Amino acid sequence: MSAAALAEVAPPPPQAGAAEAVHARLRGVTRVYPGRAGGPEVHALGPIDMDLRQGEFFSVVGPSGCGKSTLLDVLSGLAPPTEGSVEFEGARIAGQVPDGVGVVFQEDASFPWLSVEDNVAFGLRREGVDAAETRRRVDFALGFMGLRDFRRAYPSQLSGGMRQRVCIARTLVMQPRLILLDEPFGALDQQTRLLMGDELLRLWRETGATVMLITHALDEANLLSDRIGVMSARPGRFIEIVETGWDRARDSSLAERPEFGAVTSRLWTRLRGESLRALGQGAQAEAAR
Amino acid sequence: MSPAAILRTVVLAGAVAALEIACRTGAIPPTMVVAPSTMLVGAVEALDDPEFWRHFGVTVEAVAIAMSIAIVGGFCTGFMLTRIPPLRRAVSPFLASYYSIPHLAFYPLLIVIFGLGRAPLIVLATLFAMVAMILATMAGLDRVPPVLARTARIHRLSLLSEIWQVRLPAAAPHILSGLKLAVAYSFIGVIAGEFIMSTEGIGHEIAYAYDNFNNRRMYALILIVLALVTTFNMTVFAWERRMLKRRGL
Amino acid sequence: MTVAAEPAAPGARPLTAALGALRGPALVTLAVLVMWQLAHELAGDVAITAPAPTLAHLVEMIGQARFLPHLAETAMAFGQALLIAWMGGVLIGLCLGGSRLAGEAAEPVLVTLYSIPKVTLYPVILLLFGLGMQAKVAFGAFHGIIPVALFTLNAVRNIPAVQIRTARALRLSPAQRARHVLLPAALPEVFAGLRLGFSLTLLGSMLGELFASQRGLGFLLMKAIDLHDVETILAIAVLISVFAVAANMGLLAIDRRLRRGAAPAGHGA
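Residue numbers (the numbering used here), protein chains in the order written: chain A, 1 to 289; chain B, 1001 to 1249; chain C, 2001 to 2269.
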């Protein structure tokens, strides 16, 4: 690899005067899967070097198959890194989910056999939080996510967007310090996405949590984030981390500003080449089958 | 009532009425089929007969035992097999062909081993019903959406908690369908066995009535058995339908 | 960039695949034989005869001239019952599946019929058809026709509505629609019903033979029971089981092929 290319891939130098505490840190993290039935192993991710600052909103964008979801798995403790270290609040995690992490998945993860209320209360009840406190927190989360009127309904009676809100409420109620979201709005229409984006920002501001969002929608990443990590095609590495510099008190009206379009264009410029590579990878995989 | 239910009721009522008329007019001789009204009379007579209740009790007891062992044992076995993949792989082909074998061919063998009595009957019915439960349990646990298991891990549930609080409820619809089959097969196994080779039970009573040309009694008993089995099955079906409805399935 | 793995030598893969597929059944057969031998050790000859002598007895039995008529009788009864069950079941399922009202009305009835112990209706069959071949065929067919009808009904109902709309947009007649759209779309699930119908028809025919006949494998079985001839009981049970399993595996293979999804050649573009 040329020196110039290497410089691209190395993590950005710490900003002068950036005294924010580091909430989570990845160093040299890779994830390799054994190949299927004697085939070659799959380098899904890495090496990744990344610092997640306390309280920031960080988005990850990248072409399909680049390992964004794998990154989330490693960061949340769902999967151990093959190489490298993952630290959360100063402690190393490897394949174990630490306390204080919440995840909202891409697919609908609401439990179909529980009502909305019971879904949201699920984590609290499992941890043995007392009934009064549970009720208080559940009420708050339901109100926050606009689900009060549906507390006794079952997920099957709700739309996709509402079910995602149930999942978010269920995560919220545990008061996580780090919230990871994996394309949570993927199945929703554009209008709902924009509204949910505003809600997510509100959630972020009011809880003060650190948020990492994985998305393939560039304008969504732009709108919501303090920083955006652009990932290369598989094996995914950060080729650039863009600082947006937006105000904390932002909402979807941000899109009207001219600087907004510039950031989105910049993201696409970086991504275009990688996306073509990813497409080619996909075609190769098909041909090899 | 829905249009379908109305249609069904009308057709069935019509069929019964047609049968009644055909029997009464002699178009169908009583040596073949007795009129539905006669069947009912015979049924009422039977229900009055303490001997009937003795046989009924014997049959129901055998079904209950077979059903319980099949459901609990089948569930545990199916669950265990999902946790031990090599064992499951080894046993899979056997399970897949299990229901293609006419089990009753082995019934004589069981009698030879266990002697005449309730044991071979219960063993046969249990074996017949258990595999349906095993297969359904495995299918249900296989089909738990991976995202639900990952949610359990994010909530840092212990393995036991994850299984009890998430995997099992998620698999419940499939497992319940296995339970339905286990119930039906338990009845079939016991009654078929009693019919072929037994000195007690409703199945035996039916065969006995047939041998003695007592058509009225025979049809009455058949009616009662069918009513019993159908009621039981319907209850389980209704329970399943309620569960599925809540989940929007 | 990863290096692609070397392709296997041509012709090697199908053979290894075939052997691999046989490994499971072979292991299971071995396990069954072992358990059989163990059971024999535990229970003794009076209850269970050992595998080797039993199989030898079976081979000897098949060789005997007087065995063949029995085998032929069972085969005839089963064959006829199967034909009725398969064709009748598919026909009923297609008709009911075609009309939403009829399908909805009939399904609970079929499901109920499926779950009742049909053996209780055996005397009725005997009364209606007398003793002999007809009763056997009727009983066997009765067992098989219900699951075939049920599966076919569901298969037709589960055809994606968009395919039916396409057929209508193409202005096909009802017969054309059935043949070129409904049947191919429903075929995999229908076939699953045919498989189940096969096993149940076999069971029903065997049951029918136990009492209604002076000929056939079922009759031989009953005779062996009366004489307490354990070896023959086991031999016949094994014969039937082997046939049932082999046939089921064959049907399963066809089933798997049907589900591969590719439309058969010659159907449209």
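We treat Cβ as the ideally placed atom computed from N, Cα and C, and that holds for glycine.
Being a predicted model, the structure only gives us computed values, none of them experimental.
DSSP three-state assignment for residue i, whether helix, strand or coil
i, result
"A:Met-231", "strand"
"A:Ser-110", "coil"
"A:Val-101", "strand"
"A:Ser-59", "strand"
"C:Glu-2041", "helix"
"A:Asp-182", "strand"
"A:Val-44", "Here residue 44 of chain A is Ala; the residue named in the question, Val, does not match the sequence. Strand at A:Ala-44."
"B:Ala-1015", "helix"
"A:Ala-287", "helix"
"B:Ile-1206", "helix"
"A:Ser-85", "strand"
"B:Glu-1051", "helix"
"A:Pro-14", "Unreliable placement is indicated for A:Pro-14, whose pLDDT of 44 sits below 50; the coordinate value is still reported in the next sentence. In this structure, A:Pro-14 counts as coil in the three-state DSSP scheme."
"A:Tyr-33", "strand"
"B:Met-1001", "coil"
"A:Glu-117", "helix"
"B:Ile-1028", "coil"
"A:Asp-247", "coil"
Cβ separation of residue i and residue j, assumed to be a contact under 8 Å, to the nearest whole Å
i, j, result
"A:Val-61", "A:Pro-47", "The Cβ separation is near 19 Å, so there is no contact."
"A:Leu-147", "A:Val-116", "6 Å"
"C:Ala-2237", "B:Leu-1109", "6 Å"
"B:Cys-1023", "B:Val-1034", "6 Å"
"B:Val-1112", "C:Ala-2047", "5 Å"
"C:Met-2206", "B:Leu-1121", "Going by Cβ atoms, the distance from C:Met-2206 to B:Leu-1121 rounds to 18 Å, so no, they are not a contact pair."
"B:Ile-1191", "C:Pro-2117", "4 Å"
"C:Leu-2258", "C:Pro-2160", "With a Cβ gap of about 17 Å, C:Leu-2258 and C:Pro-2160 do not count as contacting."
"A:Thr-82", "A:Val-32", "4 Å"
Contacts of residue i in chain B (Cβ-Cβ under 8 Å)
i, result
"A:Phe-105", "Val-1147, Arg-1150, Thr-1151"
"C:Ala-2043", "Ile-1113"
"A:Arg-126", "His-1155, Leu-1157, Ser-1161, Gln-1165"
"C:Val-2230", "Leu-1109, Val-1112"
Rounded separation between residue i and residue j - CA only
i, j, result
"C:Arg-2171", "A:Gln-191", "39 Å"
"B:Ala-1238", "B:Gly-1140", "20 Å"
"B:Val-1044", "B:Leu-1228", "14 Å"
"A:Ser-76", "A:Phe-88", "9 Å"
"B:Leu-1081", "B:Phe-1094", "13 Å"
"B:Ala-1005", "C:Gly-2216", "43 Å"
"A:Pro-13", "B:Thr-1137", "In this predicted model, A:Pro-13 has a pLDDT of only 45, less than 50, meaning its place in the structure is not dependable; the value taken from the coordinates is given anyway. Cα-Cα distance, rounded: 54 Å."
"B:Glu-1240", "B:Gly-1026", "44 Å"
"B:Asp-1211", "C:Leu-2055", "36 Å"
"A:Leu-114", "B:Leu-1040", "46 Å"
"B:Gly-1042", "C:Pro-2123", "16 Å"
"C:Lys-2136", "C:Gly-2208", "5 Å"
"B:Arg-1167", "B:Ala-1207", "46 Å"
"C:Gly-2089", "C:Ala-2149", "4 Å"
"A:Leu-200", "A:Val-173", "14 Å"
"C:Ala-2026", "B:Leu-1116", "35 Å"
Beta-carbon proximity check, residue i vs residue j, cutoff 7 Å
i, j, result
"A:Glu-274", "A:Ala-217", "no"
"A:Phe-185", "A:Arg-177", "no"
"A:Arg-92", "B:His-1155", "no"
"B:Met-1032", "C:Leu-2127", "yes"
"A:Ala-141", "A:Val-120", "yes"
"C:Phe-2151", "C:Gly-2097", "no"
"C:Gly-2103", "C:Leu-2153", "yes"
"C:Thr-2201", "C:Gly-2144", "yes"
"A:Ile-214", "A:Glu-183", "yes"
"B:Val-1225", "C:Thr-2120", "yes"
"C:Ala-2244", "B:Ile-1134", "no"
"A:Thr-207", "A:Ser-225", "no"
"A:Gly-55", "A:Thr-171", "no"
"A:Asp-198", "A:Ser-252", "yes"
"B:Tyr-1099", "B:Gly-1193", "no"
Contacts that residue i makes with chain B (C-beta to C-beta distance below 7 Å)
i, result
"C:Ala-2244", "Ser-1100, Ile-1101, Pro-1102"
Contact list for residue i against chain C, beta-carbon separation under 9 Å
i, result
"B:Pro-1003", "Leu-2101, Glu-2104, Ala-2105"
Under 9 Å by beta carbon: chain B residues contacting residue i
i, result
"C:Asn-2248", "Ala-1096, Ser-1097, Tyr-1099, Ser-1100, Ile-1101"
"A:Tyr-154", "Arg-1246, Arg-1247, Gly-1248"
Residues that residue i contacts on chain A, provided the C-beta gap is smaller than 7 Å
i, result
"B:Ser-1177", "None at all; the shortest Cβ gap to chain A is about 15 Å."
Chain A residues whose Cβ lies nearer than 9 Å to that of residue i
i, result
"B:Pro-1169", "Phe-111, Pro-112, Trp-113, Leu-114"
Beta-carbon neighbours of residue i, restricted to chain E and to distances below 8 Å
i, result
"B:Leu-1141", "Looking at the structure shown, chain E is missing, and the protein chains on hand are A, B and C."
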